[in-house]
Amino acid sequence: MMNIPKMVMILGMIIFVIGFAMKYIHLGRLPGDIFLKKGNTTFYFPIVTSIIVSVVLSAIFYLIGRFK
468 MMNIPKMVMI
478 LGMIIFVIGF
488 AMKYIHLGRL
498 PGDIFLKKGN
508 TTFYFPIVTS
518 IIVSVVLSAI
528 FYLIGRFK
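If you read the sequence shown in the numbering used here, its first letter stands for residue 468, the second for the next number, and so on.
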């Protein structure tokens, strides 16, 4: 029960960082993301955005595991 406030603070910090990134960094339309539009069909695959999010989340979880 003692770790619940710490976990809530970490979760809040993660949500804050994600919100900041969505507001100011405009993730999702980076160079390298695949965007195809042909007629009425649109295909969008955010490959570079996925790689960046994966690296950032891996670093966050590494740091959390290191200090635990």
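Quick reminder that beta carbons are idealized off the backbone N, C-alpha and C, glycines included.
Where Leu503 falls: helix, strand or coil (DSSP):
Here Leu503 sits in strand by DSSP.
Taking Ile514 as the reference, give the member of Ile527, Pro498, Phe483 and Thr508 with the closest Cα.
Pro498
CA-CA distance, Ile492 and Ile482?
Rounded to whole angstroms, Ile492 to Ile482 spans 15 Å at the Cα level.
Phe510 and Asp500 - do their beta-carbons sit closer together than 8 Å?
Cβ distance not < 8 Å, so Asp500 and Phe510 don't count as in contact.
Along the beta strand (DSSP E) that carries Tyr529, what are the first and last residues, could you check?
Here Tyr529 belongs to no beta strand (DSSP E); instead the alpha helix (DSSP H) covers Ile514 to Phe534.
Let me see if you follow: with CB-CB separation under 8 Å, is Ser517 close to chain B or not?
Any reference to chain B falls outside this structure, which holds one protein chain only.
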